[in-house]
């Protein structure tokens, strides 16, 4: 009997905290027109959605999400079975209800019990209405919505200065500029205004507010600034990237986010510009001890990748690779001394390559004063179709190939498609490159 009593007391003691503990957050949902289905609650990091939980709706379209711990301040996403979604701003108020109608879920969306979340919904609805196409009959409504939006923004920024909603509005407005048509501005005035906007973006960027890292808006604003708004010259991109990383360095979470953003943005090295930026990022941050959290295996792979990219990067000295002439005589790139060497990687079975072959022959003939030597590298090993094409098409090129691929030229020059062109100067330094003749020819014409 004593054993049963002790066990009962013990079970009661365990059960009490389990069943008496209240949730730290609860969101009730009512979705008209949707029953016996699941909603997905998630948040966003970069351009990816991170799933937190699912919410089961009953036959009345009602359901609830509960959590034993408070949700992090962030922009959350509620996704429907048809992949439509809406965003929820959640900060201090974490007990509220959501109602909408599948007939127009965004316009019918209402929040009860959380003032800031409700204002966020209203803010987004007004943005949506002001961005709809306008007509003469709608002009008065459009003006009204714009006035309502501005009133809401002014109220939030004045009365809720430290709130997540205020931070969201400020981040959103970093790229909202007055509609002055650029054709009405002189080039000097346009450049001056652009420079002012660029400085304002950096000055007002929330380097010490990590709440918005879990929102698509942060990713979109950074993508716009670095990929569209500022000059795409590599030196400009590197300077602005260094500025952002310097200003965020004291905030570890923001610094890690920005470093990861730049890595994701430039790692594919789609252009010579991106190559230069990525090399700088890797060598000055990841491989220079400024990302101490980075895994050693990742760093080893990155080191290898950077070494490979640098072999064919603009400004690098070209490797003295060995190829073979049609008669199988070996030659090396350094065997040829010329002011302009064009490495032309091609395949006679490729229509674009054949056209580029003819175009390149004609251009070099017209620009004989430029001291141009073309080394046309056939990228495959099957010799007969290559020789047949050369016999039918007289050309002034040095035609070579590497049947056993001992030079590893496809990896050294990172040939991912043909045709590919490299322009090399008299010191065997890569000056320009690309997949079209026009990507290198201006450097020759301007000599």
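Residue numbers (our numbering): 5 to 451.
Even glycine gets a Cβ: it sits at the ideal position worked out from N, Cα and C.
Note that the coordinates shown come from a computational prediction; the quantities given were computed from them, not determined experimentally.
Which two residues bound the contiguous beta strand (DSSP E) that contains residue i?
| i | result |
| --- | --- |
| residue 71 | 66-71 |
| residue 238 | Unbroken run through residue 238 is the alpha helix (DSSP H), 238-252; no beta strand (DSSP E). |
| residue 427 | 424-429 |
| residue 80 | 78-83 |
| residue 208 | No beta strand (DSSP E) contains residue 208, which is instead part of the alpha helix (DSSP H) from 191-208. |
| residue 338 | First-last for residue 338: undefined, no H or E at that position. |
| residue 232 | Note, residue 232: premise wrong, no beta strand (DSSP E); not H, not E. |
| residue 403 | 402-405 |
Using beta-carbon positions only, say whether residue i and residue j come within less than 9 Å of one another.
| i | j | result |
| --- | --- | --- |
| residue 402 | residue 329 | yes |
| residue 36 | residue 103 | yes |
| residue 316 | residue 417 | yes |
| residue 277 | residue 238 | yes |
| residue 76 | residue 47 | yes |
| residue 249 | residue 262 | yes |
| residue 211 | residue 267 | no |
| residue 92 | residue 31 | yes |
| residue 340 | residue 383 | no |
| residue 385 | residue 408 | yes |
| residue 227 | residue 78 | no |
| residue 439 | residue 415 | no |
| residue 205 | residue 178 | yes |
| residue 389 | residue 353 | yes |
| residue 283 | residue 333 | no |
| residue 346 | residue 428 | yes |
| residue 208 | residue 244 | no |
| residue 81 | residue 69 | no |
| residue 265 | residue 233 | no |
| residue 121 | residue 97 | yes |
| residue 327 | residue 411 | yes |
| residue 292 | residue 231 | no |
| residue 71 | residue 28 | yes |
| residue 246 | residue 325 | no |
Just reading off the alpha helix (DSSP H) that residue i is part of, what are its end residues?
| i | result |
| --- | --- |
| residue 445 | 445-449 |
| residue 416 | 413-416 |
| residue 356 | 355-370 |
| residue 393 | 387-396 |
| residue 169 | 168-176 |
Can you check DSSP and say which residues form a bridge with residue i?
| i | result |
| --- | --- |
| residue 57 | 45 |
| residue 89 | 83 |
| residue 31 | 69, 100 |
| residue 433 | 321 |
| residue 344 | 376, 429 |
| residue 350 | 382 |
| residue 114 | 103 |
| residue 132 | DSSP output for residue 132 lists no bridge partner at all. |
| residue 438 | 425 |
| residue 160 | Paired residues: none, contrary to the question. |
| residue 259 | Looking at the DSSP assignment, residue 259 forms no beta bridge with any residue, so it has no partner. |
| residue 127 | None; residue 127 has no bridge partner. |
| residue 419 | Residue 419 pairs with nothing; no bridge assigned. |
| residue 36 | 105 |
| residue 52 | 49 |
Could you tell me how far apart the beta carbons of residue i and residue j are, in whole angstroms, since I believe they sit closer than 8 Å?
| i | j | result |
| --- | --- | --- |
| residue 441 | residue 337 | Not really, about 20 Å apart at Cβ, beyond 8 Å. |
| residue 322 | residue 437 | With 8 Å as the limit, residue 322 and residue 437 do not qualify as a contact, their Cβ atoms being about 11 Å apart. |
| residue 434 | residue 310 | That belief does not hold up - the Cβ atoms of residue 434 and residue 310 are roughly 16 Å apart, past 8 Å. |
| residue 124 | residue 156 | Contact doesn't hold; Cβ gap of about 10 Å is too wide. |
| residue 373 | residue 343 | Not quite, the Cβ-Cβ distance comes to about 10 Å (not below 8 Å), so this is no contact. |
| residue 257 | residue 214 | 5 Å |
| residue 423 | residue 357 | 5 Å |
| residue 171 | residue 216 | 6 Å |
| residue 106 | residue 38 | 5 Å |
| residue 45 | residue 61 | Their Cβ separation, rounded to whole angstroms, is 12 Å, which puts residue 45 and residue 61 out of contact at 8 Å. |
| residue 371 | residue 448 | 6 Å |
| residue 132 | residue 110 | 7 Å |
Quick one: is the Cβ of residue i within less than 8 Å of any heavy atom of the ligand PLP?
| i | result |
| --- | --- |
| residue 318 | No copy of the ligand PLP occurs in the structure displayed, which carries no ligand at all. |
Secondary structure, beta strand (DSSP E): runs of 3+ residues fully inside the stretch 261-336 = The stretch 261-336 contains, as complete beta strand (DSSP E) runs of 3+ residues, the segments 326-328, 334-336 (chain order).
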